[in-house]
Amino acid sequence: MSDLDLTKLKNMPVPTPNADARKAALDAAMQAFDATAKSADAKTAAAPKDVVAFPRPMRSADGERKRPMLAQHKAALAASVALVVIGGPMALYVLAPQLQQRTHNDSGVKPASQPITAPVIAALPEPREAGQDRAPAERGRTQTETPRKVEADAKPSDDALSKINPVSPPAAAPAPAIPGMVLEQERARSKHEADLRLERQAEEEAKRIGELRRQRPANPNVQHGGEDLTALLPKSAAPPTAAALPRVAAAPPPVAFQEQRRNLRGDVADGQRKAIDEARRQQLGGAQPGAAPPAQKVVGLVTPEPALPPQVEQGRDTFDATPPNPVKSTAAEPVSTFSIDVDTASYAFVRRALNSGRLPQKDAVRVEEMINYFPYDYARADTTDAPFKPTVTVMPSPWNVDNRLVHIAIKGYDIARTDRPRANLVLLVDISGSMGPADRLPLLKNAFRLLVDNLQPEDTIAIVTYASGSDIRLAPTKVSEKAKIIAAIDSLKAGGSTHGAAGITDAYKVAEASFDKAAVNRVILATDGDWNVGITNRTELKSFIERKRESGVYLSILGVGMGNHNDHLMQTLAQNGNGVAAYIDTLAEARKVLVEEASSSLFPIAKDVKIQIEFNPALVSEYRLIGYETRMLARADFNNDKVDAGDVGSGHSVTAIYEVTPVGAPRLVDGLRYGPAATTQATAPAQPAPPADQARRRIEPTSPQGSELGFLKIRYKLPKEETSRLIELPITPSLAVPTIAAAPEDVRFSVAVAAFGQLLKGQPHMKSYSFDDVIALANSAKGADPFGYRAEMVSLVRLAKSARP
């Protein structure tokens with residue numbers, strides 16, 4: 039029968055039912071009720087004592103049997119009786135013509151002209167569990183779709199129709215039912231199930247959000263990157279259907295809004311989240327997020343609708359705000375001490391910012407990491423016992439003709455692939471909701487595949503993940519079982535909050551359980567650094583990592599993402615975990631870090647490497663160290679083997695550059711009037727700058743201290759030792775070159791990178807030196823560039839000229 043015909047029938051006038059019709063309908067309803075109860079009792083006779091099968095046994099979303107409330111059954115019975123008495127004849131009047139037509143067409147008899155006044159009786163469908171025999175898509179039907187499904191279930195059979203007497207009342211039939219009553223029972227069951235789900239979700243959400251709010255750190259520098267707290271809701275709970283909320287049937291359920299907001303991760307504009315929240319407020323009658331809306335009463339139960347959590351500010355990458363190293367007077371403080379740094383994260387982040395058309399944050403620029411990003415062909419060591427030897431070059435400063443640069447270079451011993459120790463790695467992967475974009479977890483999965491291909495068959499890999507909690511996805515497995523490891527990597531999916539502390543704890547447990555003294559035991563943490571659950575305080579995390587470092591398990595960092603990247607936290611972990619910090623923005627960068635430089639990233643040749651230089655006050659009036667602001671050490675820390683410092687990996691290059699002011703040249707800081715040996719110098723008139731060809735002779739005067747510009751000392755420990763060793767080298771005039779052009783290509787290019795970093799950082803010491811000057815110096819020193827890294831740097835300098843702030 040077409041929808042048009044059905045509409046016409048529904049619009050026909052409905053006669054007033056007489057007393058006999060009402061009585062017959064009521065009797066039929068009571069018979070149906072008794073038959074249903076008996077059938078349900080028979081089915082559940084063997085069930086546990088606490089199961090009540092009235093009108094049907096019901097189950098919640100998690101499979102647990104629930105006892106329906108007595109008040110609900112009374113309400114359902116009253117509604118059924120009312121529907122039968124009042125609506126039965128009306129439904130009969132609408133359905134009678136098509137039923138009569140179908141009966142006589144099947145039997146070949148012309149339909150009777152007189153109307154049918156008796157109720158139509160259909161066989162009651164067999165009782166079943168709530169939601170049973172339904173496809174998953176049908177279980178989530180809305181209220182507007184439910185009646186059609188119920189009508190199909192309650193459709194009378196041809197057998198039953200053939201027995202109907204259109205004139206006389208029908209004979210009693212076993213287990214009779216009325217379609218309207220079946221519909222009401224179905225609605226009651228749906229309401230009850232949805233009510234239980236809503237109640238359980240509301241309790242869990244309120245508990246979790248309350249816990250998160252109590253644990254939220256007070257440090258405003260720690261950003262959460264827009265992580266939605268509702269991601270903690272159980273994933274298995276199905277969203278309630280509209281039928282469960284009849285008073286707001288047109289409004290999507292709260293979980294639907296939460297799912298929409300949860301899917302907005304990464305670099306999504308704030309406006310999309312605000313639009314979703316505004317739509318939600320309008321449907322709740324103008325309620326603000328975080329304020330509980332009026333409770334909805336559903337089938338005798340009062341269920342408060344879960345409130346949306348307050349929005350968290352997003353779109354800010356967090357960096358440690360450290361001012362540049364100051365200019366220091368040699369007479370007052372002749373000794374400079376710092377820890378080496380082989381991290382490269384800053385350069386990759388700067389590159390990503392410039393490629394997007396904007397200048398990076400000044401705090402994101404760490405000049406030493408930009409310099410050390412590039413491979414240099416410095417002089418190499420010959421043995422692992424003396425894993426590196428320093429190379430020093432003194433040259434004129436390109437941005438200040440009155441000053442000189444002291445360039446210190448270290449090249450680590452390169453272990454042959456066949457001589458590498460076994461690697462025992464634990465991949466600690468952040469799979470929270472913020473890791474969903476393509477430049478985060480999907481990129482890391484491709485990077486890990488490259489890593490697996492580059493390891494030896496005897497190396498082992500374990501995988502630990504964290505989101506709302508922590509999970510060991512793969513126990514330590516040899517790389518020879520590559521298919522098993524790749525399958526575990528492919529299975530990683532993003533979703534949930536970010537409980538990083540739980541993940542680190544479990545990762546160290548796995549690493550310690552499989553610890554091998556002859557191997558390199560390392561945890562590699564891959565994350566955007568957006569931690570918002572558990573321990574988020576840097577001081578607590580630093581203490582935890584320091585204690586774990588003593589066990590011989592080191593920690594390295596692979597940072598990803600932009601918009602909520604917490605570099606502030608990642609640097610703390612890497613520096614105290616005896617590991618490196620790299621930033622992965624492209625698959626090419628992943629190959630550089632995990633394939634081309636895997637030896638330097640994974641296999642250390644020296645640890646706790648410190649550099650100390652003492653300048654000669656007779657030749658140097660002042661100095662400043664370019665970069666290494668986060669690596670400065672006290673003078674007494676140099677000889678203290680308990681003080682942690684940076685590590686050098688196999689084949690690693692490390693560069694440090696000092697800018698010094700020779701005695702007699704214009705000073706950046708006034709000398710002391712009353713200091714020892716400084717009064718005469720402070721009051722002496724400034725001398726004009728000598729020509730460039732006299733620069734070398736200017737640092738070779740006769741003095742009680744000799745002709746040394748300074749004295750270099752390097753302390754380091756071998757990977758398996760706890761006592762440091764010492765390397766010493768005097769900085770003599772023989773190490774100086776008269777012009778920049780006379781310096782080696784690697785030295786000149788590193789100076790160009792140092793100038794680029796200082797310009798990005800906005801340092802005042804660059805005077806009139808420009809981006810064009812950097813390009814000219816870098817182009818003159820590109821040399822052999824097999825991977826195109828140096829050409830890429832020149833392109834970035836060009837982008838910086840036109841990038842917006």
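FYI, the numbering for the sequence shown is 39 to 843, going by this note's numbering.
Ideal Cβ placement from N, Cα and C applies to all residues, glycine included.
As the structure is a computational prediction, the values presented were derived from the model and not from experiment.
Query, Result
"Status (buried if at least 16 other CB within 10 Å, exposed otherwise) for Tyr666", "buried"
"Span separating the alpha-carbon of Arg460 from that of Ala557", "5 Å"
"Cut-off 6 Å between Cβ atoms - residues of its own chain near Lys755, not counting five sequence neighbours on either side", "Lys645, Asp646, Ser762"
"Per-residue burial, Thr456 [other beta carbons within 10 Å of its own, 16 or more giving buried]", "exposed"
"CB of Thr565 within 8 Å of CB of Gly534, strictly", "no"
"Top-ranked residue by Cα proximity to Asn363, from Lys586, Ser506, Gly800", "Gly800"
"Cβ neighbours of Thr770 in the same chain (closer than 8 Å, five flanking residues each side left out)", "Ser745, Glu746, Leu747"
"Per DSSP, the bridge partner or partners of Phe376", "Ile649, Met670"
"Residues near Met433 in its chain [Cβ-Cβ closer than 6 Å; skip 5 each side]", "Leu443, Val775, Ile778, Ala781"
"Beta-carbon spacing of Pro428, Leu767 below 8 Å", "yes"
"Secondary structure of Ala619, DSSP reduced to three states", "strand"
"Member of Ile562, Ala619, Gly567, Phe486 whose CA lies at the smallest distance from the CA of Asp528", "Phe486"
"Element boundaries [alpha helix (DSSP H), containing Gly538]", "538-551"
"Cβ neighbour criterion (16 or more within 10 Å) applied to Pro475", "buried"
"Gly567 and Met608 closer than 8 Å at C-beta", "yes"
"One or two residues paired with Lys755 in a DSSP bridge", "Lys645"
"Same chain, Cβ closer than 6 Å to Arg418, five either side skipped, listed in chain order", "Lys449"
"Sequence-distant residues of the same chain with beta carbon closer than 8 Å to Leu837, five excluded per side", "Leu392, Asn393, Gly395"
"Close-in-space but distant-in-sequence residues of the same chain around Val832 (CB under 8 Å, 5 per side omitted)", "Ile813, Ala816, Asn817, Lys820"
"Residue range of the unbroken beta strand (DSSP E) whose run includes Met17", "Given that the chain is displayed from residue 39 to residue 843, the structure contains no residue 17 and the question cannot be resolved."
"contact_flag[the stretch 646-666, the stretch 685-704] where n(CB pairs < 8 Å) is 3 or more", "yes"
"Residue environment, Gly689, which counts as buried when at least 16 other CB atoms sit within 10 Å", "buried"
"Phe749 - partner residues in DSSP beta bridges", "Glu652, Pro768"
"At least three beta-carbon pairs within less than 8 Å, the stretch 518-528 to the stretch 542-558", "no"
"Helix, strand or coil at Tyr385 according to DSSP, with G and I counted as helix", "helix"
"Beta-carbon gap between Ala792 and Ile664 smaller than 8 Å", "yes"
"Span of the alpha helix (DSSP H), counted from its first residue to its last, around Asn614", "605-614"
"Inter-residue CB distance, Val692 and Ile378 (contact presumed, cutoff 8 Å)", "5 Å"
"Coarse secondary structure for Ala330, derived from DSSP in three states", "Annotation note: pLDDT 41 at Ala330 (below 50); position unreliable, coordinate value reported separately. Here Ala330 sits in coil by DSSP."
"Beta-carbon proximity of His603 to Gly597, cut-off 8 Å", "yes"
"Beta strand (DSSP E) runs contained entirely in the stretch 779-820, provided each spans 3 or more residues", "none"
"Whole-angstrom distance between Ala447 and Val430, CA atom to CA atom", "6 Å"
"Pro480, enclosing alpha helix (DSSP H) - first and last residue", "479-492"
"According to DSSP, residues forming a beta bridge with Arg396", "Arg842"
"Of the listed residues Lys366, Ala359, Val464, nearest to Asp2 (C-alpha basis)", "Residue 2 lies beyond the range of the chain shown here (39 to 843); nothing can be said about it."
"Segment limits, beta strand (DSSP E) that includes Arg662", "658-664"
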